[in-house]
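**Q** Can you keep this structure in mind? I'll have questions shortly.
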Ligand SMILES: [Cu+2]
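In our numbering, the protein residues as written are 20 to 545.
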């Protein structure tokens, strides 16, 4: 498909089919507006000017469940969220802060010099409202994203896609669709956090479900719907439970906590299944989904329903293709999935919240096909796991080499009191993990908590080299899930980007309550 075609097709979303019968004119207009602004990003049409692409951190009104909410925005030069670059085009961006608050944006998964990473170190403080800051670095290709790393602005949707094209992918002649996931609450993140830590007058979080070890019998009356649940297969078929704030048994394993926060909605490109984005696709069309889990505290199963997909990249980095219908996605991770549509029809692509019946998604629809309503609740999905991770193999693995430095990093913490730590310390009272340029570094992440933690290292792409002590030649990526106690994951990377780098759990509320540390290169003064 030529570039012009890509542009003209780009997100002319067909809403008529769903609007006629199900939507009021008011929601239709809101939907149309949202579609115009959001959906997918346009292909870059021109080489960046010397001044660079302008990215504005601002605010906007979003309608969720028929109710207006004031949220942040990150709007690029074409009026769409985020930034899209051609291969080999530099990331030359001017970030203008018009959000009304100090902010700073992190280019998640990219490998810029540390002073451009967008983490609020003392040397790189947040931008005041009204300020502009320039960025200029060589980006790496693939599906990335950007989000504020200041306070809890990420929860208020200071997030956007960051897509860097590569010629190989373009030559595949596939329709590209960006699918960005969020969790949404009408409460302020400060109020959510206060509820979690028990410092809010509304009291502690909803009851944590307690279960017996082997039996999986729930003892909490509020969660009796889970009583008798024995394994994941059963969970998949259960319906009707609200699914939040629960502790569930895992087949053959220990308990685990899921879903700290009871969200009001789950968004797919800013919309819910009540009024989903319907993406027009060609009959038998070839699609490349770029899925971004931008949720602050939620993990999903991507469920392709009747479709079969081929995972070809994770966190922007190519892997040997893995075929399937359902793929787990931890917070902050990305999946590139190729799909060849079987003729005509409407095909929901769902993101199912782990441990809950709740879901969101978009609909791929060929011309003239009837788009049926998809409920935003379905069978309970099991907790996400490493079933995909263990099957992944990097297309370009790290060069084989013994480690110069091996460190065990303990992940500790609990729901009550709600506090989390990394390497035995809680941010900001931490001792940096010191590394030296040129080293091959291996971190063994050891989870001693009841929750899975999506661990993200800034400024480096690492390879997953062992899971639970079993060596693998896994994916190269930037965020990896460490399963609950006694889960262990070993990552390896080359120390080739001197600086100060954040290393943390990407659950925003875990990070805010301590689960963040620093990896620092020798010779970097602080
Ligand atoms: Cu965590």
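Quick reminder that beta carbons are idealized off the backbone N, C-alpha and C, glycines included. Just so it is clear, the structure is predicted and the values come from calculations on it, not from any experiment.
So for residue 421, helix, strand or coil by DSSP?
**A** Your numbering for residue 421 matches position 402 in the chain shown. Note: residue 421 maps to coil in three-state DSSP.
**Q** Determine contact between the segment 326–339 and the segment 487–500, defined as no fewer than three beta-carbon pairs at a distance below 8 Å.
**A** Contact holds: three or more Cβ-Cβ distances are below 8 Å.
**Q** Take the Cβ of residue 122 as the centre, count every other Cβ of all protein chains shown within 10 Å, and call the residue buried at 16 or more, exposed below.
**A** Along the chain shown, one-based indexing puts residue 122 at 103. By the 10 Å Cβ count, residue 122 comes out buried.
**Q** How would you label residue 413, buried or exposed, when you count the other beta carbons within 10 angstroms and need 16 or more for buried?
**A** The residue labelled residue 413 in the question sits at position 394 within the chain shown. It is buried - the Cβ of residue 413 has at least 16 other Cβ atoms within 10 Å.
**Q** With distances taken from CA atoms, which of 374, 383 and 376 is nearest residue 360?
**A** Stepping through the chain shown from its first residue, residue 360 is reached at position 341. Among 374, 383 and 376, the Cα nearest to that of residue 360 is on 383.
**Q** Does the Cβ-Cβ distance between residue 502 and residue 276 come in under 7 Å?
**A** Locating residue 502 in the chain shown gives position 483, where the first residue counts as 1. Locating residue 276 in the chain shown gives position 257, where the first residue counts as 1. No. Outside cutoff.
**Q** Can you find a heavy atom of ligand 1 that lies under 6 Å from the Cβ of residue 336?
**A** Looking up residue 336 in the chain shown gives position 317. Not so, every heavy atom of ligand 1 lies at least 6 Å from the Cβ.
**Q** Considering only heavy atoms of ligand 1, does any lie closer than 6 Å to the CB of residue 526?
**A** Taking the first residue of the chain shown as 1, we reach residue 526 at position 507. Yes, ligand 1 has a heavy atom inside 6 Å of this Cβ.
**Q** Regarding residue 529 and ligand 3, is the C-beta to nearest heavy atom distance less than 6 Å?
**A** Ligand 3 is absent from the structure shown, which contains only ligand 1.
**Q** Given a threshold of 16 other Cβ atoms within 10 Å of its Cβ, counted over all protein chains shown, does residue 187 qualify as buried or as exposed?
**A** Working through the chain shown from its first residue, we reach residue 187 at position 168. Residue 187 should be labelled exposed.
**Q** Using only CA atoms, which one of 366, 402 and 409 lies nearest to residue 389?
**A** The residue you call residue 389 lines up with position 370 of the chain shown. Among 366, 402 and 409, the Cα nearest to that of residue 389 is on 366.
**Q** Could you check the C-alpha separation between residue 322 and residue 540 for me, to the nearest Å?
**A** Residue numbering aside, residue 322 sits at position 303 when the chain shown is read from its first letter. Residue numbering aside, residue 540 sits at position 521 when the chain shown is read from its first letter. Taking the straight line joining both Cα atoms gives about 41 Å.
**Q** Where does residue 208 fall in DSSP's three states?
**A** The residue given as residue 208 occupies position 189 in the chain shown. Three-state DSSP puts residue 208 in a helix.
**Q** Alpha carbon to alpha carbon, what distance is there between residue 145 and residue 521?
**A** As a first step, residue 521 must be located in the chain shown, where it is residue number 502. As a first step, residue 145 must be located in the chain shown, where it is residue number 126. Distance between the alpha carbons of residue 521 and residue 145 is about 15 Å.
**Q** For residue 151, which residues of its own chain have a beta-carbon under 8 Å away from its beta-carbon, when the five flanking residues on both sides are left out?
**A** Here residue 151 corresponds to residue number 132 of the chain shown, with the count starting at 1. The residues are 113, 114, 115 and 116.
**Q** Compute the distance between the beta-carbons of residue 316 and residue 173, then report whether it is under 7 Å.
**A** For this step, residue 316 is matched to residue 297 along the chain shown. For this step, residue 173 is matched to residue 154 along the chain shown. Not a contact, by the Cβ cut-off of 7 Å.
**Q** What I want to know is whether the C-beta of residue 168 ends up closer than 6 Å to one or more non-hydrogen atoms of ligand 1.
**A** To locate residue 168, count along the chain shown from 1; it is residue 149. It does not: the Cβ of residue 168 is nowhere closer than 6 Å to a heavy atom of ligand 1.
**Q** Would you kindly work out how many angstroms separate the C-alpha atoms of residue 304 and residue 168, rounded to a whole number?
**A** For the purposes of this step, residue 304 is taken as the residue at position 285 of the chain shown. For the purposes of this step, residue 168 is taken as the residue at position 149 of the chain shown. Residue 304 and residue 168: Cα-Cα distance of roughly 38 Å.
**Q** For residue 511, is the classification buried or exposed, using 16 other Cβ atoms within 10 angstroms of its Cβ as the cut-off for buried?
**A** Within the chain shown, numbered from 1, the residue matching residue 511 stands at position 492. So residue 511 ends up on the buried side.
**Q** Since residue 148 and residue 120 are thought to touch, with beta carbons under 8 Å apart, how far apart are those beta carbons, to the nearest angstrom?
**A** The residue labelled residue 148 in the question sits at position 129 within the chain shown. The residue labelled residue 120 in the question sits at position 101 within the chain shown. Yes, they are in contact, since the Cβ atoms of residue 148 and residue 120 sit about 6 Å apart, within 8 Å.
**Q** Between the alpha carbons of residue 482 and residue 417, how many angstroms are there, rounded?
**A** Taking the chain shown and counting its residues from 1, the one referred to as residue 482 is at position 463. Taking the chain shown and counting its residues from 1, the one referred to as residue 417 is at position 398. Taking the straight line joining both Cα atoms gives about 7 Å.
**Q** Taking the CB atoms as reference points, tell me whether residue 185 and residue 106 lie closer together than 7 Å.
**A** Position 166 of the chain shown, counted from the start, is the residue given in the question as residue 185. Position 87 of the chain shown, counted from the start, is the residue given in the question as residue 106. Going by C-beta atoms, residue 185 is nearer than 7 Å to residue 106.
**Q** Would you mind listing the beta strand (DSSP E) stretches within the segment 431–483 that are 3+ residues and don't spill past its ends, in chain order?
**A** Correct list: 438–441, 452–454, 459–466 and 472–476.
**Q** Look up residue 156 in the DSSP assignment and give the residues it is bridged to.
**A** Reading the chain shown from its first residue, position 137 is the one you call residue 156. Answer by DSSP bridge pairing, in chain order: 110.
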